[in-house]
Each structure stands twice: as C-alpha cells, then as structure tokens.
Amino acid sequence: MGLLTLTLAFALIGSSVFFAAFYISVFLNDESKYSETVSLDSYPKLTIVMPAFNEEGVVRTSLSAVQNLDYPNYEVKFVDDGSTDGTLEIAKEMIDESITEIIESSENEGKAAALNKGLDSTDSEYMVVVDADSKVDGPLLKEAVETIEVDSNIGAVISAIMPLNSNTLVRRLQVVEYRLRDFYRNLMADVQILDVTPGAFSMYRTRDLNDIGGFDVGNLTEDLEMAWSLRKHGRDIEMVRKKRSYTELPGTLKGLHNQRVRWARGHIQNLFKHKDMFFNSRYGWFGLFHMPATTMFAGFSILGFVMVLWGLGEQAYNLFITFSSVGFKMPSLEFSLVRWLLALDMKVYVPLASSLGLTAYIMTKAYQGFGEEVKHPVALAVYFFGYFMIKPVFWISAILKELLRTKRTWT
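Under the numbering used here, think of the first position of the sequence shown as 16, with each following residue one higher.
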C-alpha cells in the first residue's frame, strides 16, 4: 500500500473513530437521557400546518391522526400546493372542527411557500409542521409544549421519527438508518448542535418564524435551512425523546435516490447561504465543530468511495495481467487462517475493526434507547457493510446536478 493511499485510509478511518468516540462520550455523560420539561396548568393554542403535494395515497391517514390528538386547544390548516391528484379532494372530504381551514394554491410553488401561507394565517403562539405523509403520537403535542416552555431561548422542538411501514428491504434499511439518526440527534441536542427541524414533526415559536422572515422559498431543504437560521438568531433546538412521529419512507432505490439527492443538494445550497457560520465562535459548537465536520464527512465519504472503486479496479487489472501471462489456473483450496491474518495490513485493519466495533456499540445503544430489540438482520447487515458505498452516490449525483444547474423541485 502506497504512502498516499495509507495516509488517506488513516484519515478516513481515523475520522470515523473520532466521531464515534465523541458521541459515545456524550452518551456516557448524558445523565438524564431525556429533555427537561415543565408542568403546565393550561396549554397555549397551537396551529398545525400540513403542506401537501400529490399525497393522495397517505394524506387520509395523516389527517385522521391530527383529528384525534391529546391536546386541548389546536387547529389544523391544510395547505395544498397545487396537487394534480386527489389530495385536495380527500382533504375537503375530511374537514371538521379540527381541520379548520384548507388553503389552496393553483400551482406548485414549493413546500416553503406552502408553509409560509400557513404561517401568514395563524395567530397561535406556536406553529407545528406535520407533513402530509406523516402522523404524530397523540400525546406528542403536550410533551413538545412542555419542552419548549422550559426556556424562552428554545426556538424549536422536534421528535424521534419512525416509519409508517417497513414492507421492503429499502424501507427496512432506512429503519436502521433512522434509529441511528434519532440516537445521534438526541446527543446533538445535548451539546446544542442539532441541525434540522424535520417535516415529520417540528414545533416552532410563531414569533421566531416571523422574525426570521418565514421559510426560505425555493430552498430544497427548508427544514435544514430553518434550523440553521434559528441557530443564527441565537435560538436552541430541543428534541422530545419519549414520543414519536411517523413518516412514509421511499420504498424503492429510485425513490430513495431522489430523496437523498434532494437532501444533499439542499445541504450544499445551505452551506453557501450560511457560509458565514463556518468556524464562527458566535454560533458555538455548531459553527466551530458541527458545520465543518458534516462538510468534511461528505467529502470523506466520496473519497472513500473512489478509493474502494480504485482498489477493486486495480485488483481486476492485476488479475487480467496474470491471466494474460500465465492463463487461467484454479486457485488452491487450501486455506490457512494464520497466513491470511499475517497477510493483512494491520495498520489499516486494526483501526477499521475499531471503527466497526464502535459503530456496533452505538447501534446497540440506539435500539436500547428507544426500548426496541435489534431487528431486520438483512437490512442491518446491508447498512453495516454496504451502505457506506451507497451514500456517496447521493452526494456525487447532487454535486453534478448543482454543477449542471439542474432545476430544483419539491418532489
């Protein structure tokens, strides 16, 4: 292994070990494991804004869920963003005392524009975003309010996210990913580097949204941008850890690719928009550590992908040269474990084993933290040993689309 390749391998594996160890340290020092809440004698009025675009397959479930929430004083504003299927008709069928208003748009203007229409029409102290392909636990609203009322500096509260269903391998793979992501988000909230307010469930102070100027129209990931804007305005983001929201996950590789490329493009878009936050101590560990780290990780994932492909290509080329010189020869069936171990480059494989071990430990704690047993073994194995080769494809596609200035759409 050449010096350059060895150095890159150390950088890739070392960074993985460092960040795994960092989050394990946060976890081991997190005494409460849950966000702080306060008891309330009365609960303020909430407005749930549900944006929708062509969600006829799931919108009935989502609207049914918000009609029966354990909260004394809330309203629902359904915003149809120019749907061309039966989404709007289903919403009109279900309007009642809970669904107080349907806001229609004649054309698709994007999710941020739809959310701003809901924001403009509310006079509630808090605004809650629930996507039309998502639903929430009945008691989640109460716990979110009890969390955000702890400190006036808290600008948003999010929840753990579970899949509405996991009937395909692609969805089961995302179940594993979401479980790990929620575990990390718990810890990120503890050190105030939480970086997203997901559409599956996010509660905001209405005055903060208005002070910021609403959601960024045209932004591919308005939930990411809003979280960064809240950080820029000195607001914290907390996470409800006991109650959950549920969302529809892409069921095919194509659907997953489209979603994650949009996320990656939105991340790139927001990196440029908020570049002044990079290494800026004014924004605490979010600016000094988290933003540079996530950018570096994206670059390292692409670099690792290229290195793996390069290594495979090199091995294929060497086999071709060998076969061309001496012809095909059946390999010996004799196998020696000792000889195989001695042939390994321990400078690389020991750190790699350490990285995998730390990841396995985090995976176990992630499931335990939500009171679940580890399940979906095939998806778990694919995630553990193969997903690292899938995620860089999303980033590469996103970078190419940005360079080619491909149209940004909410799909």
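We put the CB at the ideal spot given by N, CA and C, even for glycine.
8 Å CB neighbourhood of Ala394 in its chain, flanking five on each side removed: Leu184, Arg187, Leu188, Val190 and Val191
Met142 burial status per 10 Å Cβ neighbour count (16 or more: buried): buried
8 Å contact criterion, which Ser139 and Thr52 should meet: CB distance rounded: Incorrect: roughly 20 Å between the Cβ atoms, too far for contact.
CB-CB length for Gly214 against Ala127, believed under 8 Å: Not confirmed; about 11 Å, so no contact.
Asn44 versus Thr379: straight-line alpha-carbon distance, rounded: 17 Å
DSSP-derived helix/strand/coil call for Leu356: Here Leu356 scores only 49 on pLDDT, less than 50, and its place in the model is too uncertain to base an answer on.
CB of Ile176 within 8 Å of CB of Ser260, strictly: yes
Continuous beta strand (DSSP E) stretch holding Val389: start and end: From DSSP, Val389 is part of no beta strand (DSSP E); its letter is neither H nor E.
Sheet register partners of Pro178 (DSSP bridge): Thr262
Inside the region 120-168 only - alpha helix (DSSP H) runs reaching at least 4 residues: 126-135 and 155-163
Lys157 versus Ser167: straight-line alpha-carbon distance, rounded: 17 Å
Per-residue burial, Phe293 [other beta carbons within 10 Å of its own, 16 or more giving buried]: exposed
Residue from Gln330, Thr267, Phe338 and His282 with nearest C-alpha to Ser181: Thr267
Val151 versus Val255 - alpha carbon distance: 12 Å
Of the residues Asp148, Arg280, Gln274 and Thr309, the one placed nearest Phe68, counting alpha carbons only: Asp148
Sufficient close CB pairs (3 or more, under 8 Å) joining the region 290-304 to the region 319-337: no
Those runs of the alpha helix (DSSP H) which lie wholly inside the region 189-251 and span at least 4 residues: 221-227 and 237-247
The region 91-98 touching the region 110-121, judged by at least three CB pairs closer than 8 Å: yes
Helix, strand or coil at Phe93 according to DSSP, with G and I counted as helix: strand
N-terminal and C-terminal residue of the beta strand (DSSP E) that Leu303 is part of: Taken as a continuous stretch (DSSP letters only), Leu303 belongs to no beta strand (DSSP E), as it is neither H nor E.
Leu356 versus Met322 - alpha carbon distance: The predicted model places Leu356 with a pLDDT of 49, which falls under 50 and marks its position as unreliable, so this point remains unresolved.
Check whether Phe400 and Val276 have beta carbons under 8 Å apart: no
Top-ranked residue by Cα proximity to Ala204, from Gly125, Asp146 and Ser174: Ser174
Three or more C-beta pairs below 8 Å linking the region 304-320 and the region 403-421: yes
Sub-8 Å separation of Leu134 and Glu237 beta-carbons: no
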